[in-house]
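A.B. asks: Going down the list, the sequences are from chains A and B. Last residue of the first sequence: 346 (our numbering), numbering continuous. Last residue of the second sequence: 277 (our numbering), numbering continuous.
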Amino acid sequence: MVPSTSAVALPVAAAVAAGLVGSFAVLRRMTLASDALSHVALPGIGIALLLNANPVLGGVTALLVGAVLIWRLEHRTRIPTEAIVGVVFSAALAVGSMLTSGEELLEALFGTEKAPGQAETLISLGLAALIVGFVLRARHRLLLMLVSSDLARTAGVKVARLDLTYLLAFALTVALGLRYLGILLMGSLIIIPAATARHITRSLDAMLAVAAGLAVVATVVGTLGAGVLHLPRGPLIITVAAGFFAVGVLIRRAD
Amino acid sequence: MSRTPLPNTASAGKAAPIARAVANVLETDRLGVRLGRRQIITDLSLAVPEGAALAIIGPNASGKTVFFRALIGALPHTGTIRWAPGVRIGYVPQKLDLERDLPITGLDLLRAKARVTGAGDADLRRAMDLVSLGGVVARQPIGTLSGGQFQRLLLGFALMGRPTVLLCDEPTAGVDEPGEEHLYAMLHRLQQDEHLTVLLISHELNLIYRYATAVLCLSLSRRACFGSPLEVLTPERLQEMYGAPMLYHRHDGPLD
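1. Give me, in chain order, the residues of the same chain whose beta-carbon lies closer than 7 Å to that of T191 of chain A; leave out the 5 immediate sequence neighbours on both sides.
2. Considering only the beta carbon of each residue, do V113 of chain B and L47 of chain B sit closer than 7 Å?
3. Which of helix, strand or coil does DSSP assign to D197 of chain B?
4. Using three-state DSSP, classify Q60 of chain B as helix, strand or coil.
5. For T292 of chain A, return the contacting residues in chain B, with the cut-off set at a CB-CB distance below 9 Å.
6. Would A337 of chain A be called buried (16 or more neighbouring beta carbons within 10 Å of its own) or exposed?
7. How do the stretch 278-290 of chain A and the stretch 114-122 of chain A stand: do at least 3 beta-carbon pairs fall below 8 Å, yes or no?
8. Going by alpha carbons, who is nearest to I329 of chain A out of A:A288, A:L295, A:V340, A:L275?
9. Flag D254 of chain A as yes if its beta-carbon sits less than 7 Å from any beta-carbon of chain B, otherwise no.
10. Between D150 of chain B and chain A, is any beta-carbon pair separated by less than 7 Å?
11. Is the Cβ of K85 of chain B closer than 7 Å to any Cβ of chain A?
12. Could you give the DSSP three-state label for P162 of chain B: helix, strand or coil?
13. Is the CB-CB distance between L67 of chain B and F247 of chain B below 7 Å?
14. Provide the residue(s) that pair with A278 of chain B in DSSP beta bridges, ordered along the chain.
15. Taking contact to mean 3 or more Cβ pairs, one atom from each stretch, closer than 8 Å, check whether the stretch 119-131 of chain B and the stretch 184-194 of chain B are in contact.
16. Residues of chain B with CB under 9 Å from A306 of chain A, in chain order?
17. If I'm right that V311 of chain A touches V99 of chain A with Cβ under 8 Å, what's the distance once you round it to whole angstroms?
18. Residue ranges of each alpha helix (DSSP H) run of no fewer than 4 residues wholly in the stretch 106-145 of chain B, ordered along the chain?
19. Compute the beta-carbon to beta-carbon distance between L202 of chain A and Y257 of chain A, rounded to the nearest angstrom, for a pair I have assumed lies under 8 Å.
20. Any idea if L213 of chain A is buried or exposed, counting beta-carbon neighbours within 10 angstroms, 16 or more meaning buried?
21. My guess is that V69 of chain B and H231 of chain A are in contact by the Cβ rule of under 8 Å, so how many angstroms apart are they, rounded?
22. Pick from A:L155, A:G339, A:N145, A:A108: whose alpha carbon is nearest that of L259 of chain A?
23. Pick helix, strand or coil for P70 of chain B, following the three-state DSSP scheme.
24. Quick one: which chain E residues come within Cβ less than 8 Å of A297 of chain A?
25. Between B:H203, B:M181, B:A140, B:S223, which lies nearest to E215 of chain B when the distance is taken from Cα to Cα?
26. Is the Cβ of H231 of chain A closer than 7 Å to any Cβ of chain B?
27. Taking Cβ positions, are L188 of chain B and F89 of chain B nearer each other than 7 Å?
28. With 9 Å as the C-beta to C-beta threshold (strictly closer), list the residues of the stretch 271-289 of chain A near chain B in chain order.
29. When you compare only the Cα positions, how much space is there between Q161 of chain B and E204 of chain A?
30. For R244 of chain A, decide whether its Cβ has a neighbour in chain B, counting only Cβ atoms nearer than 7 Å.
31. Our contact map puts V131 of chain A next to A153 of chain A with C-beta atoms below 8 Å; I'd like the distance itself, whole angstroms only.
32. When the cut-off is 7 Å and only beta carbons count, does L234 of chain A lie next to chain B?
33. When the cut-off is 7 Å and only beta carbons count, does S192 of chain A lie next to chain B?
34. Within a Cβ cutoff of 6 Å, which residues of the same chain sit near G278 of chain A, ignoring the five residues on either side of it in sequence?
35. By how many angstroms is the C-alpha of R324 of chain A removed from the C-alpha of G318 of chain A?
36. Does any residue of chain A bring its CB to less than 7 Å from the CB of A91 of chain B?
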């Protein structure tokens, strides 16, 4: 079965956002941290289900709160971000899995085939455009910040504010994939294409373009392939993305 | 505790101006910086006149980089830091810890600063010329540059936006000995040509003696001392500061 254009539009928009946001997550060496951050959506989804509210809304709220929490801990304490995220958000996964159960837990972790409503699709497309616009506009400031926060500061970048905005953009990107990829796999779509692009490119603009492109191709191939092969869409998308990574490693070796 | 906003750089906020009409670009008054439980800098008061070449020396962990980071507003402090109105700061940080395969070229870094500060491509090219950084080198990923090339890139980065004050934190870290001489000579030439005030952290006492007009010595146990190279760079004082005799070749005074 071939999916409709509207069913592909949202995953493609989310994939572009994932590639761009993921590039800076990989460059900032927050790969593990960003994967763990996506787990914070789970308790939000669990609480929303308990309250009979929209689970995606619960996940988004939890992600935004999580992003602000990371930012505050990072700027108020001297504990490394990796440690903060590792502890707090692994705990979130544990709590979330107690609040969510059975099929709902599987859907939250790995996504669902259920199509989103029109309002959710439009809002998500708007959010994706916002995230893409932010990363493209802020890429020079983000670059300076990742090379050295002091260099960025002397160039006039408001480092703490930019860091918070980036974390919020990251949280919203995870939220975009909650329905079709789930918490675990959206974290992977953010990281794997960006990690592949980092491996095979030599400049920032090239990395951003390749990361977004690979995320989109993996999403389209995975979505179409899932219909043809009768396989679950999310895991197939991530398998394709991981395949690109393996090819990228081989290309680099041959270089 | 307060953070000093950066002075009126190409895009940074304004600092508290120095009230009286003096030719000092920087004044600190009872400056104190604490990191965690440790007081790193205590009651540091100094004035840096326009055009000076101030060398900051001291053993490891004596607070040299902390001092610079307080000056650029990256660390909270007590006391006051006053930059003269109109001061624009260029900052060359200590050697950065970057991965070799980072897909960021030197040109990416310079362009990023140009876009963020609103500097034009002409300013970018001028900065590259000033530090003799060719296009081929600038197009390489920054992790693959040699120590000297990378430090020249950072110096070029600092010179974009036409700074009036240059803060250099061990600009020769990771550079071989001939490269060190070359970099210091370049810094000295830039200071003359661009009419810069230079604040420089270094362990190279010979070169400090040759180029500095004033020296600030920070110590782990004693109060900071501040004065001309002749006053500060005495064998007795250096032994007190570093805990061991320091050997260096002493010239008659700073070169022009």
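Note that beta-carbon positions come from the ideal geometry of N, C-alpha and C, so glycine has one too. Here the structure is a predicted model, which means the values were calculated and not measured.
C.D. replies: Taking the coordinates as given:
1. L133, I136, G137, L140, A199
2. No, they are not a contact pair.
3. Three-state DSSP puts D197 of chain B in coil, outside helix and strand.
4. strand
5. For a Cβ distance threshold of 9 Å, residue set P124 of chain B lies close to T292 of chain A, ordered along the chain.
6. Burial call: exposed.
7. yes
8. A:L275
9. No, D254 of chain A lies away from the interface with chain B (no Cβ there is under 7 Å from its Cβ).
10. no
11. no
12. strand
13. yes
14. Lying before the first or after the last residue shown, residue 278 of chain B is absent from chain B, which here runs from 22 to 277.
15. Fewer than three beta-carbon pairs drawn from the stretch 119-131 of chain B and the stretch 184-194 of chain B are found closer than 8 Å, and the two stretches are therefore not classed as touching.
16. Under the 9 Å cutoff, chain B gives no residues; its nearest Cβ is about 17 Å from A306 of chain A.
17. 7 Å
18. 127-138
19. Here residue 202 of chain A is Gly; the residue named in the question, Leu, does not match the sequence. Between G202 of chain A and Y257 of chain A the beta-carbon gap is near 25 Å, outside 8 Å, which marks them as no contact.
20. Result: exposed.
21. No, V69 of chain B and H231 of chain A are not in contact; Cβ-Cβ is about 31 Å, not under 8 Å.
22. A:L155
23. The answer is strand: DSSP assigns P70 of chain B an E or B state.
24. This model lacks chain E altogether, as its protein chains are A and B.
25. B:M181
26. yes
27. Yes, the Cβ-Cβ distance between L188 of chain B and F89 of chain B is below 7 Å.
28. A288, R289
29. 45 Å
30. yes
31. 5 Å
32. yes
33. no
34. D126, S129
35. 8 Å
36. no
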